[in-house]
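Visitor:
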Amino acid sequence: MNIIDEIGILAISTRLQRLSEQLRKDGALVYKSFDIDFEPKWFPVIYTLHIKEMLSVVEIANEIGYSHPSTISLLKELEKQKIISSKKDKLDERKRLIVLTAKGKELVLKMQPVWTIMKNALNEIADNQNNLLKAIEEAEQKLATQGFFQRISELKS
1 MNIIDEIGIL AISTRLQRLS EQLRKDGALV YKSFDIDFEP KWFPVIYTLH IKEMLSVVEI
61 ANEIGYSHPS TISLLKELEK QKIISSKKDK LDERKRLIVL TAKGKELVLK MQPVWTIMKN
121 ALNEIADNQN NLLKAIEEAE QKLATQGFFQ RISELKS
C-alpha cells in the first residue's frame, strides 16, 4: 500500500484518475487485440454520434459532459482520422453539424461486439459490495447540487 492509498478520501481525485488511466490503457490493449485502430478517448464522441447521428459541437459537448475546447480538440482528431465529418447547418451558418463518416460507421460495426465483451468485464469489476457505478452516480448528483469548491467555501466561513 502506498501513501496515496493510505490517505483515503483526500486522494480521491488521484485514485479516480489512476483507475481511469488503468481502464483506458487496458481499453487500448483490448481494441489492439481485436485489431481495431481506436483510441479509448474517442469513445464518448463516437458512441454519441452512433446513437444520435447528427449533432452540433455544443450538443456533443453537452452529451458527453466535456468542455467546449476539449470537445473541439477531440473532434479535430477524429476529423483528421476521417472518422467524422462536419458540414455547415443550413439554418445557422455559424453552426457545424458533425456526423460519422462511412469509415466511422464501419468502425462502430467492428467495435460493437467488443463493446459487449467490455461491458461484461466492466460489470464484473464494478459489481462490488459497494457498486462503483452507483457510487459515482451518487457523488456526481451531489456535486451537481453543490460543487466541491462551494462546499469548501461554506465550511471555511
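full-length UniProt numbering numbers the first residue of the sequence shown as 1 and each following residue consecutively. Glycine included, C-beta positions come from ideal geometry on N, C-alpha and C.
1. Please classify S67: does DSSP put it in a helix, a strand, or coil?
2. My output table needs one value for K87: the three-state DSSP class, helix, strand or coil.
3. With 16 as the cutoff for other CB atoms within 10 Å, does G65 come out buried or exposed?
4. What residue from A144, A61, K134, S153 has the CA that sits closest to R96's CA?
5. Contact check, K82 vs K103 under 8 Å by CB: the rounded distance?
6. Can you grab the Cα-Cα spacing for the pair L29 / H68, in whole Å?
7. Can you name the residues that DSSP bridges to R96?
8. For the beta strand (DSSP E) holding L49, just list the boundary residues, first then last.
9. By DSSP's criteria, S56 is part of a beta bridge. Which residues make up the other side?
10. Taking only beta-carbon positions, decide if A144 is within less than 8 Å of chain E.
11. Leaving out five residues on either side along the sequence, give the residues of the same chain with a beta carbon under 7 Å from the beta carbon of I84.
12. Compute the distance between the beta-carbons of V108 and I46, then report whether it is under 8 Å.
Guide: Working from what's here:
1. coil
2. strand
3. exposed
4. A61
5. 5 Å
6. 28 Å
7. K88
8. Unbroken run through L49 is the alpha helix (DSSP H), 43-52; no beta strand (DSSP E).
9. L97
10. No chain E appears in the structure shown, which is made up of a single protein chain.
11. L49, L75, L78, I98, V99, L100, T101, G104
12. yes
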